[in-house]
Every structure is written in C-alpha cells, then in structure tokens.
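Peer 1: Here it is, the structure in full.
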Amino acid sequence: MKNKPFLTPKQEKVLNFIRKRVGERLPPTIREIGEELGFKSTGTVRDYLKALMQKGLMRRMNNKSRAIELTECSGFNKIPIIGTIMAGKPNLAYEEIQGYVDVDNLFLGRLGFDDVFALGVKGDSMIDAGILDGDVAIIKKLTYADNNDIVAALLDNNEVTLKRLRSKSGKFHLEAANVNYPPIFEEFKVIGKLITVIRKY
Numbered sequence: 001m002k003n004k005p006f007l008t009p010k011q012e013k014v015l016n017f018i019r020k021r022v023g024e025r026l027p028p029t030i031r032e033i034g035e036e037l038g039f040k041s042t043g044t045v046r047d048y049l050k051a052l053m054q055k056g057l058m059r060r061m062n063n064k065s066r067a068i069e070l071t072e073c074s075g076f077n078k079i080p081i082i083g084t085i086m087a088g089k090p091n092l093a094y095e096e097i098q099g100y101v102d103v104d105n106l107f108l109g110r111l112g113f114d115d116v117f118a119l120g121v122k123g124d125s126m127i128d129a130g131i132l133d134g135d136v137a138i139i140k141k142l143t144y145a146d147n148n149d150i151v152a153a154l155l156d157n158n159e160v161t162l163k164r165l166r167s168k169s170g171k172f173h174l175e176a177a178n179v180n181y182p183p184i185f186e187e188f189k190v191i192g193k194l195i196t197v198i199r200k201y
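Going by the working numbering, the first residue of the sequence shown is number 1, and it counts up by one from there.
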C-alpha cells in the first residue's frame, strides 16, 4: 500500500471540495473551485490542481471544463467494504476495511460517499432473495426501514445480520429468505437498507 502523499492545508481543502462534488456526480470547474475557496485567480486554482496531479490524487483533461477525475490512489471513488455480514445465523461484523467497491460500476443517484458502505455476504439464509454467499451487499446508512425491506440489523448482543424486515401485529421482526432459518424476534436496530448486490463470476 502506498503512503498517503503529504498535502498542505489548502491542498487538502481543494481536494475535499473536489471529493464532495465528484460524490454529487458533478465535478467542479476551475472557476467553481476558486469561488468556493476564495481564490481570486484561476491561475492559482490551476497551480493547486497541478500539485494534486503530481501527487497522483487526480487527473484532468484540459479540453473539458468538468474533466476532473479522482484517481484510484485517492480512494475517494470507492466504497469501503467494512466487513462481512452473515446471511445465515447472525455473527459479528467487524468494521475493518477489507477492500473497496468501485462506484463507477454502480448507479447510486444522489447518494454521497458518506451515505453508503459495503459488506461481504456469508451464508445462505437470503438465497431466495437472490443474495448468495460471496456477494457484496451495498448498504445505505439508515436507522429505519419499511416492511419487506432487506436490512442490515444490529442485534442486542452486537451481532449483525442481513435479513428482511417484517411486521406482524404492529411489531417488527427479521426473516430469512430461506425456509431452513427461523425468524428472529429478539431486539434489534436497523443500521442500513440494502441498495444492491454485486456478484463477480
């Protein structure tokens, strides 16, 4: 793993603004960067962009106004895979980054990078919902969900599982998408809602 290049505070601010705008699917123009950060000259902005390019954090096509692209070494165009989640019997899911999912392969609408995370799926309890062992689940961070949504749920003993949210007599419980697994009626907290699943062959 390459060491993170040193950035001055101003370079960090420029990069963070670019990161925010790229996350909104609208890379900034040179003029927009200057207005946001209070630079009076577009030449000053170009100097900062050149420094970021030399440090391998971005690239830019000179003939387009919004052609700023964050490179892989910045890590900003990727969703972290923070652990595994059991789609079987619940198990601990440790928040330790194990890799990244390239968001160029996804359509996340207006979601920003801070709104989502990814979990590797283990187990077969959600196979009837088309979620298989080895898949990567893309989760939108939420503390609520609707009946029939597939959610990442934190159980009372700090175990995390991927299940379908069900309501019965006004009380929610968790259900597997596999008849071999019983419903979960113990206390739980929704920590996210499934957006999509990535599977590599």
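We put the CB at the ideal spot given by N, CA and C, even for glycine.
How big is the Cα-Cα spacing for N157 and E187?
Peer 2: 9 Å
Peer 1: Determine the direct distance from the alpha carbon of E24 to that of K13, and round the result to whole angstroms.
Peer 2: 17 Å
Peer 1: Throw me the rounded Cβ distance for the I184 and H173 pair, which I believe falls under 8 Å.
Peer 2: About 6 Å separates the beta carbons of I184 and H173, which is inside the 8 Å limit, making them a contact pair.
Peer 1: Could you round the C-beta distance between I138 and K193 to whole angstroms and report it? I think they count as a contact, below 8 Å.
Peer 2: So it is not a contact: roughly 10 Å between Cβ atoms.
Peer 1: DSSP three-state call for F172: helix, strand or coil?
Peer 2: For F172, the three-state secondary structure derived from DSSP is strand.
Peer 1: Taking the beta carbon of G123 as the centre, do at least 16 other beta carbons fall within 10 Å, making it buried, or is it exposed?
Peer 2: buried
Peer 1: Cutting at 7 Å between CB atoms, please list the residues of its own chain near T71, excluding the five before and the five after it.
Peer 2: G56, L57, M58, R59.
Peer 1: Terminal residues of the continuous beta strand (DSSP E) containing R60?
Peer 2: 58 to 60
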